[in-house]
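Residue numbers for the sequence shown follow UniProt numbering, so the first one is 1 and each next one is one higher. Ideal Cβ positions, reconstructed from N, Cα and C, are used throughout, including at glycine. Below is one structure; the comments refer to it alone.
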Amino acid sequence: MTFSLVARSADGRLFGVAVASRFLAAGALVPAAEALVGAVATQAHANLAYRAQALALLRTGVSATDAVAGLVAADPGRDDRQLAVVGATGDGATWTGPRCHPWAGGQAGDGWAAQGNILTGPQVIDALRDAWLARAELPFPQRLLAALTAGDAAGGDRRGRQSAAMLVVQRHGGYAGTGDELVDLRVDDHVDPVSELRRLLGIHHMLFGRPDPATLRDLTGPLAAEVAELLAATGHPVGPAGLDEALAAWTGLENLEERFVPGRIDPIVLEHLRRCAGR
1 MTFSLVARSA
11 DGRLFGVAVA
21 SRFLAAGALV
31 PAAEALVGAV
41 ATQAHANLAY
51 RAQALALLRT
61 GVSATDAVAG
71 LVAADPGRDD
81 RQLAVVGATG
91 DGATWTGPRC
101 HPWAGGQAGD
111 GWAAQGNILT
121 GPQVIDALRD
131 AWLARAELPF
141 PQRLLAALTA
151 GDAAGGDRRG
161 RQSAAMLVVQ
171 RHGGYAGTGD
181 ELVDLRVDDH
191 VDPVSELRRL
201 LGIHHMLFGR
211 PDPATLRDLT
221 GPLAAEVAEL
231 LAATGHPVGP
241 AGLDEALAAW
251 TGLENLEERF
261 VPGRIDPIVL
271 EHLRRCAGR
């Protein structure tokens, strides 16, 4: 009743899972990932213990293929389960038990594995694979989303839509560098969950994306004057401590503190400030 992709970035720094299903809150059950280690998806009659067990095996250097083989061999319920694992190196691996509801199956390659059950047909997995392989130019979370979107467009879960989720980890990639969860988004119950996940990912990127140094603008001259005027219009006039302090206070209230850079301004922050000031 679910289709998913587990994947590793080309540079090996990010691991992630994207999933969609006609099932309430699939993101609460299916995905798990650990920075520097790998990613896991458990579905069909999910065995939630697979998540911690697979990551523990990967942490000791066991390959994805051997992790999947070991877990399903030890599980008497394996015939009703699907499992996918990707590790720090090599191919991903996937298992589909023979009693999973049709259509069910999966594919795997270097750094990825795609799988699903109760699908409209094998074209869903083909679409996941093709979109993942074709969109290498995208940032990793957007690449996962492109693959999930392609699977959804190819028919997805044959019973319909309900939930979608994305989990991406990177060492110190989380909020303010204090955690590893770069993206952790869930759409638990929605008529078009993949589209809603896309909307949430866009907001996440705006609020928590790191500024691109190449696009930062110096807060000097006319731009500094404009920013001061805009801040005043939003109720944050520049005080004795200067423009940086006023801008830092405003970005903090707008949840844009991850994009604040002293002495400079991110164009995304500038455009949001203009909107808030009615410009």
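query	result
4-residue-minimum alpha helix (DSSP H) runs that sit fully inside the region 78-153, ordered along the chain	123-134 and 140-153
Sequence-distant residues of its chain with Cβ nearer than 6 Å to residue 101 (five each side left out)	117 and 118
Best match in 7, 206, 103 and 14 for proximity to residue 92 [C-alpha to C-alpha]	7
Endpoints, beta strand (DSSP E) assigned at residue 184	181-187
Contact under 8 Å by Cβ, residue 43 with residue 107	no
Segment contact flag, the region 12-25 with the region 148-165, C-beta cutoff 8 Å, min 3 pairs	yes
Bridge partners - residue 157, DSSP secondary structure assignment	119
Residue 14: first and last residue of the uninterrupted beta strand (DSSP E) it sits in	14-21
Neighbourhood of residue 189 by C-beta distance below 8 Å, restricted to the same chain and skipping five residues each side	24, 25, 162 and 163
Bounding residues of the alpha helix (DSSP H) (the contiguous stretch that carries residue 178)	Element bounds for residue 178: n/a, residue is neither H nor E.
Bounding residues of the alpha helix (DSSP H) (the contiguous stretch that carries residue 70)	64-73
Boundaries (first-last residue) of the alpha helix (DSSP H) holding residue 275	267-276
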